[in-house]
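J.: Below is the structure I would like to discuss, written out as structure tokens.
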Amino acid sequence: MKNSSTPAGLKCKKDVSPQPGAEADLLSSSRPDIISIKLIVVLLVFSFALFANTINQYFLLDDFEVLFSAKYNKLAGVLLGHDTVLEHKFFRPLPMFFTWVLYKLFGNTPPPYHILSIFLHAATAIAGANLVYLLHRNTRVAALFGILFVAFPNHAEVVNWPAITFTSWAALCCLLSLNLFAYFRLSGKYYLLILSLVFFLGGMLSKEDAFTLPAIMVIFDLYFSRVRKLEYPLPRQAGIYAVYGALLLIVILLTRVRMKLGAGYLTVEGEDLVSLYLSNVFALISDLIRMEARAWKYLVAPVSPEIPFSSYLISLVWLLALVSLGVLLWKRKIQFSSLLFSFLFISITTLPILGTFRVLALTHWIRFLYLPSVGGCYILSLILHGIDETTRRPVVRFTMIAAALAPVIILTKYYDHQWIEAQQENKGVVERVAVKLGTLPQFSRVYVEGLPWSQKEIPRIDYSFPGAAGLYFDREYLQGALFFLPANKVLALEREEYDDQQPWRYFHMAWEGDTKQATDPREITPHAHKKFVDEWDFSGIHRQFLGPVNGLIPVQTKSGSLPLFMVDGPWTLLWLSPVNPVRPVQYVTLEMMLSGKRGGMDICRLFWISEDDREISGGKSIGFFAEADGKFHTYKIPLYKNGLTLTHPRMVRLAVRPSQQVGSVFCIKKITVESY
327 MKNSSTPAGL
337 KCKKDVSPQP
347 GAEADLLSSS
357 RPDIISIKLI
367 VVLLVFSFAL
377 FANTINQYFL
387 LDDFEVLFSA
397 KYNKLAGVLL
407 GHDTVLEHKF
417 FRPLPMFFTW
427 VLYKLFGNTP
437 PPYHILSIFL
447 HAATAIAGAN
457 LVYLLHRNTR
467 VAALFGILFV
477 AFPNHAEVVN
487 WPAITFTSWA
497 ALCCLLSLNL
507 FAYFRLSGKY
517 YLLILSLVFF
527 LGGMLSKEDA
537 FTLPAIMVIF
547 DLYFSRVRKL
557 EYPLPRQAGI
567 YAVYGALLLI
577 VILLTRVRMK
587 LGAGYLTVEG
597 EDLVSLYLSN
607 VFALISDLIR
617 MEARAWKYLV
627 APVSPEIPFS
637 SYLISLVWLL
647 ALVSLGVLLW
657 KRKIQFSSLL
667 FSFLFISITT
677 LPILGTFRVL
687 ALTHWIRFLY
697 LPSVGGCYIL
707 SLILHGIDET
717 TRRPVVRFTM
727 IAAALAPVII
737 LTKYYDHQWI
747 EAQQENKGVV
757 ERVAVKLGTL
767 PQFSRVYVEG
777 LPWSQKEIPR
787 IDYSFPGAAG
797 LYFDREYLQG
807 ALFFLPANKV
817 LALEREEYDD
827 QQPWRYFHMA
837 WEGDTKQATD
847 PREITPHAHK
857 KFVDEWDFSG
867 IHRQFLGPVN
877 GLIPVQTKSG
887 SLPLFMVDGP
897 WTLLWLSPVN
907 PVRPVQYVTL
917 EMMLSGKRGG
927 MDICRLFWIS
937 EDDREISGGK
947 SIGFFAEADG
957 KFHTYKIPLY
967 KNGLTLTHPR
977 MVRLAVRPSQ
987 QVGSVFCIKK
997 ITVESY
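Heads up, the working numbering is the position in the sequence shown plus 326, with the first residue counted as 1.
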């Protein structure tokens, strides 16, 4: 095994101090393979100083959902991913556990959650700076990386939004895992490899970004081995990589297959992205290219579109970066291998964004760029260090670095101010509405109009109002509603624990955005609870209402038998019975048969159209699992769980997408519509 101290990525003076070998103690060298305590303290102090005004701020959208979950959840439920805002979509017990602990200790007092958020951000910067130091053995480069990462503007969402700490938890665990893997390479001590795997597991239990770590590990190991002149037998390397891959596979099997979690958001049309990309390679390639281009754009120049001449500013920053990089490469102040490593790191870590790109896209500060920004800050720190080395006069060097960092810090504080404004507005909404709610009796249903949704791409409160109200009052039966509820058309939205004997009372309020005040609660009478049932049997005359479209092919059967259809495309649809728009739908029961080549479970989707909008869209649909075993089964779909009776109460027709598996056979026997 060989070892050398020659750094890569920049040109430095030769280090004559001995380097730790494979069997040497990591800290036995006169220059230890770890950043100094002074730099750690500097980065911690800088982080808390930069975001000091964030500590005492309020909460935003998902914060209320997460804290409400922590309030009523038990430890076992937290660890199993039950009863959280992310349930049935993601499995992230590690950050939820720490949120649960903080709630048990401090309740809904904001500072502890913001302190944790800032601390995780600082710890991520420190772990990244130490990784850079391991690569270059240069404190100045590590310090530049740490300061850049702490102050980089596209981290505003992660730092200011406590519910998004799963992003910083995942990034921190990934970087700690890489650090420990590097130490394992230097020392050969297997307990470091085990610790690296533990942090890898922690990252995967925090956010799906960590799933890319095995691929990152390979390119990092190749780069690190080249930098430190380390040589290892190929079978040994492959065996170690396989351990990380096996751990990843186990987690995927347990959290995705066993728990039936998704691999991303649904598109606007209601299509799951996995099915979309498997059936449309062109869409996959197109989205990948657009996603990578957008990511690189904001990783180098995170300028908000609302800033005047933002496109010109982004172009200017990119031009300066490319010219500086070209000059430094020509002068051999930066090596091409460093640039290649940064490019591959960013390309790999942005891959999980594909699961959200069609829905959430990418903005200048979105959380999905947090881990990829490690690669962006790395190459920017090398550029700054290369510029710094072009002159030997201390005053000029300091001025050049300050001139480069000043716009970064100013832009970060500008974004920080926008998030603080949103938090203060939320605090006013909750406190002023809560004063009114405090006068209401137990078992009250309160409907509040006009709650702010978002502004300048910053979420406010909107649908999380019930959670916010639940934090203010220890009353599980106090229920809020969404801002779009019509003022004079209130519906009784029932819940699983509803008891007809309870003396429910209904109230209506409104938040007036102009005056920043809440109106007094006004008692109202909802629609009667009398049940209306419409039943459609498609074995007889009602089959005339069925309308197969988009590749759903009718199959010829004997006269009088049930209608049979074959799926011949991913966007098939079967129009069902009309619905009385006067009565809001509560349940839809389907008696149907589905037979697929693979058998097992398949995903069906029930759509509806309203009087206002006659087009099918994913926003007006709900998915459900169905047995694809060729037998008839009954599925009762509670539409009110999706807030359906509030968003589109006047439905006129239903439709079903039976399957996206070509060749599946579908038969509908009966449909029952229950209304309030």
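We put the beta carbon where it would ideally sit given N, CA and C, even for glycine.
Would you call the region 670–682 in contact with the region 436–445, where contact means no fewer than 3 C-beta pairs closer than 8 angstroms?
T.: no
J.: Does the region 919–935 come close enough to the region 943–963 to have 3 or more Cβ pairs within less than 8 angstroms?
T.: Because the criterion of three Cβ pairs below 8 angstroms is met, the region 919–935 and the region 943–963 touch.
J.: Taking the straight line between their C-alpha atoms, what separation do you get for residue 509 and residue 464?
T.: 17 angstroms
J.: I want to check one thing, is the minimum distance from the CB of residue 452 to the heavy atoms of the ligand GDP below 6 angstroms?
T.: Because no ligand of any kind appears in the structure shown, any question about the ligand GDP cannot be addressed here.
J.: With distances taken Cα to Cα, identify the nearest neighbour of residue 978 among 1001, 492, 524, 925.
T.: 1001
J.: With DSSP run on the structure shown, which of helix, strand or coil describes residue 992?
T.: Reduced to three states, the DSSP call for residue 992 is strand.
J.: Where does residue 359 sit, in a helix, a strand or coil, going by DSSP?
T.: coil
J.: Return the chain-ordered list of same chain residues with a C-beta closer than 7 angstroms to the C-beta of residue 667, the five sequence neighbours on each side being excluded.
T.: Hits under 7 angstroms: 545, 549.
J.: If I measure Cβ to Cβ from residue 738 and keep anything under 6 angstroms in the same chain, skipping five residues before and after, which residues do I get?
T.: Within the same chain, residue 738 has close Cβ partners 477, 479.
J.: Out of 904, 923, 920, point me to the one whose CA is closest to residue 914's CA.
T.: 904
J.: To the nearest angstrom, how far is the alpha carbon of residue 496 from that of residue 698?
T.: 12 angstroms
J.: Figure out for me which residue from 890, 794, 963, 756 has the closest Cα to the Cα of residue 394.
T.: Of the residues 890, 794, 963, 756, the one whose Cα lies closest to the Cα of residue 394 is 794.
J.: From 519, 987, 649, pick the residue whose C-alpha is nearest to that of residue 891; which is it?
T.: 987
J.: Quick one: what does DSSP say residue 998 is sitting in, helix, strand or coil?
T.: strand
J.: Do you know how far the Cα of residue 920 is from the Cα of residue 628?
T.: 49 angstroms
J.: Taking 7 angstroms as the threshold (C-beta atoms), are residue 459 and residue 468 in contact?
T.: yes
J.: Compute the beta-carbon to beta-carbon distance between residue 764 and residue 837, rounded to the nearest angstrom, for a pair I have assumed lies under 8 angstroms.
T.: The pair is not a contact, with the Cβ atoms about 16 angstroms apart (cut-off 8 angstroms).
J.: To which residues of the same chain is residue 996 closer than 6 angstroms at the C-beta, ignoring the five residues directly before and after it?
T.: These residues qualify, in order along the chain: 863, 917.
J.: Assuming residue 275 contacts residue 895 (C-beta within less than 8 angstroms), just tell me the rounded distance between them.
T.: The question about residue 275 has no answer, for the chain in this structure spans 327 to 1002.
J.: Which residues in the same chain have their Cβ closer than 7 angstroms to the Cβ of residue 677, if we skip the five residues on either side of it in sequence?
T.: 538
J.: Between residue 700 and residue 403, is the Cβ-Cβ spacing less than 7 angstroms?
T.: no
J.: Under 6 angstroms Cβ to Cβ from residue 368, same chain only, skipping five residues before and after it: list those, please.
T.: none
J.: By the 10 Å Cβ neighbour count, where 16 or more other Cβ atoms means buried, how is residue 994 classified, buried or exposed?
T.: buried
J.: Tell me which same chain residues have a C-beta within less than 6 angstroms of the C-beta of residue 865, skipping the five on either side of it?
T.: 888
J.: Measuring CA to CA, which of 657, 511, 999, 389 is closest to residue 553?
T.: 511
J.: Answer with buried or exposed for residue 607, where buried requires no fewer than 16 other C-beta atoms within 10 angstroms of its C-beta.
T.: exposed
J.: Cβ of residue 981 within 7 angstroms of Cβ of residue 897?
T.: no
J.: Counting pairs of Cβ atoms below 8 angstroms between the region 744–753 and the region 381–388, do you hit three or more?
T.: yes
J.: Tell me, to the nearest whole angstrom, how far the beta carbon of residue 540 is from that of residue 516; I am working on the premise that it is less than 8 angstroms.
T.: Their Cβ separation, rounded to whole angstroms, is 18 angstroms, which puts residue 540 and residue 516 out of contact at 8 angstroms.
J.: If you draw a straight line from the alpha carbon of residue 567 to that of residue 365, how long is it in whole angstroms?
T.: 32 angstroms
J.: Would residue 543 and residue 577 qualify as a contact pair, given that the criterion is a beta-carbon distance under 7 angstroms?
T.: no
J.: Going by CA-CA distance only, name the one from 644, 392, 715, 762 that's closest to residue 658.
T.: 715
J.: May I ask which residues mark the beginning and end of the alpha helix (DSSP H) holding residue 517?
T.: 516–530
J.: On the premise that residue 374 lies in contact with residue 742, defined as a C-beta separation below 8 angstroms, what is that separation, rounded to the nearest angstrom?
T.: The beta-carbon separation of residue 742 and residue 374, rounded to 13 angstroms, does not stay under the 8 angstroms limit for a contact.
J.: Going by DSSP in three states, residue 957 sits in which element: helix, strand or coil?
T.: strand
J.: So, is residue 912 buried or exposed, given that buried needs 16 or more other C-beta atoms within 10 angstroms?
T.: buried
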